[in-house]
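Per this note's numbering, the sequence shown runs over residues 7 to 249.
For glycine and all other residues, C-beta sits at the position ideal for the given N, C-alpha and C.
Read the structure below first, then the notes.
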Amino acid sequence: MRIDSSVAPTLVAWTNSWLAGQVSLDDAVDRVERVAGPQVVAAESGETTLRAFLIDRRSDGLCGFRLALPVPGDPLGLTGPPAFNGAAIEAGEAAIAVLPGRCVGLVPAQDRRGSSYSGIRWTAEDASPAMPDVPSLAEAERALTGAMLAATDALSAVDGPAQGFPSLRGGEEELAPGYPGRAHRVGALAARLAAALRLADGRGLTSGQVAVRHEALRDLDRAVRRARVAAHHALADLGQTQP
7 MRIDSSVAPT LVAWTNSWLA GQVSLDDAVD RVERVAGPQV VAAESGETTL
57 RAFLIDRRSD GLCGFRLALP VPGDPLGLTG PPAFNGAAIE AGEAAIAVLP
107 GRCVGLVPAQ DRRGSSYSGI RWTAEDASPA MPDVPSLAEA ERALTGAMLA
157 ATDALSAVDG PAQGFPSLRG GEEELAPGYP GRAHRVGALA ARLAAALRLA
207 DGRGLTSGQV AVRHEALRDL DRAVRRARVA AHHALADLGQ TQP
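Rendered as structure tokens:
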């Protein structure tokens, strides 16, 4: 089930910042919990807190986290196995812990217990250590700029109520200390666009107008997700997956 938050991007950004020595573990966990409430991780060995899980993986050689923002037909950031891919696609996001020779995938889900407890329960699964096919930050920024221009032109040509480019109000800066300025810029724009795309409304349009609008926003969504992934990968050395 998809969750209405950016918890996986926040986890990736702040744990990478912690691993790079830019923030403390407490700062990283507190920031993730500020986004979506208390965090626990469920694995074969049982359930533990996110803080304890990160400490244990650090002892195992954790060197960074990757971000996956997949949708059906576009498994962005995923390289398998199928069980993990399917869970991540259903959730719409996942974080992948990179360790020597292996990876551990984390898929978030809402965690409600009783009438007052609301947080996130991450399910930990084995993930392939193969590198995903994601763009560099420079490539992602160019593609995002092009997609924004194309979407603006397409939407401006659609007659109907309240057409034009989605509002860029809202969207929270997700990157953490230590990320390069370009990554902050691209990540912030992509986060605002992602928020705008979630609120896009096609009511009052003909079927033809809806089709044009859908294609424009679909292409923009693809560029936005790639820009967010590229920005979140800009701090850690995530290529060292082999022993």
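| query | result |
| --- | --- |
| Distance CB(Val38)-CB(Gln45) smaller than 7 Å | yes |
| Integer-rounded CB distance, given that Ala14 should sit under 8 Å from Pro114 | 6 Å |
| Three-state secondary structure assigned by DSSP to Leu241 | coil |
| First and last residue of the uninterrupted alpha helix (DSSP H) at Asp33 | Leu31 to Ala42 |
| Every unbroken beta strand (DSSP E) inside the region 57 to 87 [3 residues or more] | 70 to 74 |
| The beta strand (DSSP E) enclosing Ser124, as first and last residue numbers | Tyr123 to Ala133 |
| Burial state of Pro87 (16 or more Cβ within 10 Å) | exposed |
| Contact set for Thr54: own chain, Cβ-Cβ below 6 Å, skip 5 residues either direction | Val47 |
| Beta-carbon proximity check, Ala182 vs Ala42, cutoff 7 Å | no |
| Sub-7 Å separation of Cys109 and Pro135 beta-carbons | yes |
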